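Okay, so here's the structure we're looking at.
2 protein chains.
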Amino acid sequence: MTEVELIELLTRNIPRHKGDLKIGIGDDCSVIRAGKKDILISCDSLVEDIHFKRKWASWDVWGAKIAAAALSDIAAKGGKPCYAWVNLSIPKNVSAKQTQTFYNGLLKILKKFKTTIAGGNITKSPKGFSAILTVWGEIASGKAMLRDKAKGGDTVYVSGVLGKNDFVKSPHIKLGQWLVKKGCRCAIDVSDGLLKDLGHIAKASKVKIVLNAEKLPHEGPLKKALTRGEDYVLAFTGRLPYSNRYHMVGEVKKGSSCVQVVDSKGNLLSFPNSGFDHRITG
Amino acid sequence: MTEVELIELLTRNIPRHKGDLKIGIGDDCSVIRAGKKDILISCDSLVEDIHFKRKWASWDVWGAKIAAAALSDIAAKGGKPCYAWVNLSIPKNVSAKQTQTFYNGLLKILKKFKTTIAGGNITKSPKGFSAILTVWGEIASGKAMLRDKAKGGDTVYVSGVLGKNDFVKSPHIKLGQWLVKKGCRCAIDVSDGLLKDLGHIAKASKVKIVLNAEKLPHEGPLKKALTRGEDYVLAFTGRLPYSNRYHMVGEVKKGSSCVQVVDSKGNLLSFPNSGFDHRITG
Chain A
89 MTEVELIELL
99 TRNIPRHKGD
109 LKIGIGDDCS
119 VIRAGKKDIL
129 ISCDSLVEDI
139 HFKRKWASWD
149 VWGAKIAAAA
159 LSDIAAKGGK
169 PCYAWVNLSI
179 PKNVSAKQTQ
189 TFYNGLLKIL
199 KKFKTTIAGG
209 NITKSPKGFS
219 AILTVWGEIA
229 SGKAMLRDKA
239 KGGDTVYVSG
249 VLGKNDFVKS
259 PHIKLGQWLV
269 KKGCRCAIDV
279 SDGLLKDLGH
289 IAKASKVKIV
299 LNAEKLPHEG
309 PLKKALTRGE
319 DYVLAFTGRL
329 PYSNRYHMVG
339 EVKKGSSCVQ
349 VVDSKGNLLS
359 FPNSGFDHRI
369 TG
Chain B
89 MTEVELIELL
99 TRNIPRHKGD
109 LKIGIGDDCS
119 VIRAGKKDIL
129 ISCDSLVEDI
139 HFKRKWASWD
149 VWGAKIAAAA
159 LSDIAAKGGK
169 PCYAWVNLSI
179 PKNVSAKQTQ
189 TFYNGLLKIL
199 KKFKTTIAGG
209 NITKSPKGFS
219 AILTVWGEIA
229 SGKAMLRDKA
239 KGGDTVYVSG
249 VLGKNDFVKS
259 PHIKLGQWLV
269 KKGCRCAIDV
279 SDGLLKDLGH
289 IAKASKVKIV
299 LNAEKLPHEG
309 PLKKALTRGE
319 DYVLAFTGRL
329 PYSNRYHMVG
339 EVKKGSSCVQ
349 VVDSKGNLLS
359 FPNSGFDHRI
369 TG
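Protein chains in written order, with my numbering: chain A, 89 to 370; chain B, 89 to 370.
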C-alpha cells in the first residue's frame with residue numbers, strides 16, 4: 089500500500105475542517121483560528137535510511153534539512169514561524185556529539201527565522217536516527233495562502249529553479265510574507281515535485297493548470313525537474329506584478345482538476361508517474 | 089549519556105520562555121499566549137522495542153497509550169484538548185491492517201475527548217514502529233496549572249492509585265479542568281514515577297515536599313509505586329476542599345528543592361535512584 093492509500097484508509101472519517109480548525113488533515117500545514125491571528129502548524133519527519141543516509145553529508149546538514157522542510161510549509165502559507173518542537177529517536181550507533189551536530193544544524197536554520205524551540209522529546213531508537221519537527225507559525229486571520237484559491241485566469245509562478253534538489257537552501261519565508269501583502273491567495277511549497285504539488289492546487293481549486301515547458305526554470309532533464317521533490321521553492325497563482333523574485337510558468341484555466349505541460353507549439357507533454365508516492369506497507 | 093544529560097547538553101542555550109511563549113522547553117507541555125486563551129502543546133513519542141513490545145498487547149492498546157500520554161500532559165495543565173497531529177514510522181513487518189488498528193486505538197481516546205486529528209505524516213521505518221503525537225489544548229489565559237506554583241503550607245494530592253501502571257486508563261482531563269475552577273495552581277501528571285515528577289515541582293517552586301508513606305494509595309511495593317512511571321494520575325498542590333476525587337498525601341514546606349517520604353513516626357524513608365532517566369547515547 090502506498091503512502092497516499094494508507095493515509096486515505098486511516099483518515100477517511102476525519103473531518104478536514106471543524107470549528108476553529110480551518111485547514112486540517114490533507115494539507116501540509118494546519119490553519120487554526122485563534123482570535124485575530126491564525127496559527128499554522130506543520131509537522132515534518134526525517135528518518136535515516138528512508139529519507140537520508142548518514143554517509144551522504146554531515147549531521148548538521150540533516151538537522152538543517154528538516155528545519156528547512158518544516159519552515160517551507162509555513163512559508164507556503166505566508167506565515168511567520170515562531171516556535172518548534174523537536175522529537176529525536178537516537179540509535180546506539182549515533183553519539184551524543186553527532187546528535188549535537190544535528191541539533192545545531194537545525195538550530196541554525198530556526199534561529200535565522202527567529203523560531204524558538206519550545207519542547208520535544210528524546211528517546212532511544214532500535215535502529216536508525218529519526219527526527220520529527222513540529223513548527224508553529226502565525227499570520228493575520230484569513231490571510232493564509234491556501235490550495236483551493238486558484239481561479240481561472242490566474243498566472244502560475246514559481247520562486248526558483250526546479251530540479252536543484254537544494255534541500256538546505258533557506259525556506260522562502262520572506263517571499264511568502266511578501267506574496268500575502270501583494271494579495272496572493274494560493275500557494276504551495278514544492279516538496280514532492282512541481283507536478284504533484286500543483287496537482288494538489290488543481291484538485292482543491294477544481295481548475296486546470298497549464299504549464300509552459302519553455303518557461304519552466306530548471307536544471308537537468310525537465311521530467312526530473314518536474315517530478316522530483318525537495319526543491320522547497322514556492323509555487324503560487326494569482327495576478328501579481330512583475331518581479332525578479334519569481335518566474336511566470338503557466339496559467340490557470342477553468343476546467344477539470346489536472347496539471348498539463350505544453351511545449352512552445354502547444355503540444356501536450358506527458359510525464360507519467362509524476363511525483364513521489366512512497367510504498368509504505370505490504 | 090542519559091536522557092536528562094543529553095537534553096541539558098542540547099538545550100542549554102535555549103530560553104525557557106520568551107514573548108508569548110510562557111512555558112517552553114523543560115516542561116512536558118508548552119504554554120503559549122494567544123489572545124484571551126493560552127494554547128497548550130504537548131508532544132509524546134512511542135517507539136517499538138523501546139517503550140513497548142508488540143507481543144505485550146494488541147496494536148489498539150499502543151495507539152490508546154500514546155493518546156492517553158499526550159492528553160495527560162494537557163490534563164495536568166487543566167486544559168481542554170482540541171487537535172492532534174499523528175506522525176507514524178512504519179517498518180515492513182507491520183501491515184496496513186495493524187497500522188489501522190493502532191490508529192483506531194488512538195482515535196478512540198481522542199474522540200472521547202473531542203480531539204480532532206489535524207495533520208501528521210506517515211513514513212517508512214528501517215526497523216520498529218514508532219509514533220509521535222502532538223496535541224493542542226486550550227485554557228483561559230493565565231489559568232494553566234504550573235510546576236512553579238507550589239507554596240509552603242500547601243497540601244499535596246494525588247488523583248488515583250500509584251503503581252498500577254494503568255497506561256490506557258483515561259487521562260484525567262475532567263479532573264484537571266475541575267481543579268482549575270477550584271483555584272488549583274500547581275499540578276503535574278505522573279509519567280516518570282511520583283518522586284521524580286514531584287521533584288520537578290519541588291525544583292521549579294523551590295520548596296520541600298514531604299509525603300506521608302501511609303497516606304499514599306498504591307498497589308504493590310511502595311518503592312515501585314513511587315518510582316515507576318505511566319500511572320497518568322495527577323499530582324497537585326494547594327488548599328482544596330475535601331473530595332473523593334483525590335487523596336491528601338503530604339505537604340509542601342518552605343525549604344530546599346527536594347521530595348521526602350516519611351513513615352507514620354516521622355522517620356525518613358530512602359528511595360535511591362528514584363524515577364526513570366533512560367540511558368540514550370554512549
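Note that beta-carbon positions come from the ideal geometry of N, C-alpha and C, so glycine has one too.
Every value quoted in this text rests on a predicted model; they were computed, and no experiment measured them.
Would a check of beta-carbon distances place residue i closer than 8 Å to chain B?
| i | result |
| --- | --- |
| residue 149(A) | no |
| residue 103(A) | yes |
| residue 120(A) | yes |
| residue 137(A) | yes |
| residue 284(A) | no |
| residue 326(A) | no |
| residue 129(A) | yes |
Is there at least one Cβ from chain A nearer than 8 Å to residue i's Cβ?
| i | result |
| --- | --- |
| residue 212(B) | yes |
| residue 343(B) | no |
| residue 205(B) | yes |
| residue 157(B) | no |
| residue 348(B) | no |
| residue 222(B) | yes |
| residue 216(B) | yes |
| residue 109(B) | yes |
| residue 189(B) | no |
| residue 171(B) | yes |
| residue 160(B) | no |
| residue 177(B) | yes |
For residue i, which residues in the same chain have their Cβ closer than 6 Å to its Cβ, ignoring the five residues on either side in sequence?
| i | result |
| --- | --- |
| residue 154(A) | 132, 134, 219 and 221 |
| residue 299(B) | 337, 338 and 349 |
| residue 234(A) | none |
Residue i touches chain B at which residues, Cβ-Cβ below 8 Å?
| i | result |
| --- | --- |
| residue 132(A) | 209 |
| residue 331(A) | Within chain B, no residue comes near residue 331(A); the closest Cβ sits about 31 Å away, beyond 8 Å. |
Run down chain A in chain order and give the residues with a C-beta less than 7 Å from the C-beta of residue i.
| i | result |
| --- | --- |
| residue 84(B) | Outside the modelled stretch of chain B, which goes from 89 to 370, sits residue 84(B), for which no answer is possible. |
| residue 184(B) | 89, 94, 97 and 369 |
| residue 106(B) | 204 |
| residue 144(B) | The contacting residues do not exist; residue 144(B) stays about 15 Å from chain A at best. |
| residue 245(B) | Near residue 245(B) there are no residues of chain A at all, since even the closest Cβ is about 26 Å away, more than 7 Å. |
Roughly how many angstroms lie between the CA atoms of residue i and residue j, to the nearest whole one?
| i | j | result |
| --- | --- | --- |
| residue 193(B) | residue 136(B) | 16 Å |
| residue 206(A) | residue 357(A) | 47 Å |
| residue 226(A) | residue 195(A) | 19 Å |
| residue 314(A) | residue 249(A) | 11 Å |
| residue 109(B) | residue 99(B) | 16 Å |
| residue 187(A) | residue 117(B) | 23 Å |
| residue 239(B) | residue 292(B) | 11 Å |
| residue 303(B) | residue 309(B) | 14 Å |
| residue 105(B) | residue 113(B) | 8 Å |
| residue 326(B) | residue 243(B) | 5 Å |
| residue 93(A) | residue 345(B) | 52 Å |
| residue 163(B) | residue 329(A) | 50 Å |
| residue 214(A) | residue 322(B) | 31 Å |
| residue 263(A) | residue 161(A) | 13 Å |
| residue 359(B) | residue 284(B) | 11 Å |
| residue 168(B) | residue 159(B) | 9 Å |
| residue 119(A) | residue 173(B) | 12 Å |
| residue 60(B) | residue 306(A) | As displayed, chain B neither begins before 89 nor continues past 370, which places residue 60(B) out of reach and without an answer. |
| residue 272(B) | residue 332(B) | 16 Å |
Listing by chain order, which chain C residues have their CB less than 7 Å from the CB of residue i?
| i | result |
| --- | --- |
| residue 232(B) | No chain C is present in this structure, whose protein chains are A and B. |
Find the residues of chain A that neighbour residue i, judging by a C-beta separation of less than 8 Å, and give them in chain order.
| i | result |
| --- | --- |
| residue 123(B) | 122, 123, 124 and 125 |
| residue 229(B) | Near residue 229(B) there are no residues of chain A at all, since even the closest Cβ is about 10 Å away, more than 8 Å. |
Note down, in chain order, each residue of its chain lying with its Cβ closer than 8 Å to the Cβ of residue i, except the 5 sequence neighbours on either side.
| i | result |
| --- | --- |
| residue 97(A) | 89 |
| residue 140(A) | 134, 150 and 153 |
| residue 124(A) | 228 and 229 |
| residue 311(A) | 359 |
Go through its chain and collect everything with a Cβ distance to residue i's Cβ below 7 Å, but skip five positions before and after it.
| i | result |
| --- | --- |
| residue 216(A) | 135, 136, 137 and 179 |
| residue 288(A) | 235 and 276 |
| residue 290(B) | 296, 297, 345, 346 and 347 |
| residue 148(B) | 189, 190, 192 and 193 |
If the cut is a Cβ gap below 7 Å, which residues of chain B does residue i touch?
| i | result |
| --- | --- |
| residue 113(A) | 205, 206 and 207 |
At 9 Å on the CB atoms, spell out the chain B contacts of residue i, in chain order.
| i | result |
| --- | --- |
| residue 279(A) | Near residue 279(A) there are no residues of chain B at all, since even the closest Cβ is about 11 Å away, more than 9 Å. |
Self-check item: Whole runs of the beta strand (DSSP E) within the stretch 187-249 of chain A, excluding any shorter than 3 residues
Solution: 204-212, 218-228 and 243-246
Quiz item: Of all the alpha helix (DSSP H) runs that stay within the bounds of the stretch 253-339 of chain B, which reach a length of 4 or more residues?
Solution: 261-269, 282-293 and 310-315
Quiz item: Fully enclosed by the stretch 94-147 of chain A, which beta strand (DSSP E) runs are 3 residues long or longer?
Solution: 109-111, 118-122 and 125-135
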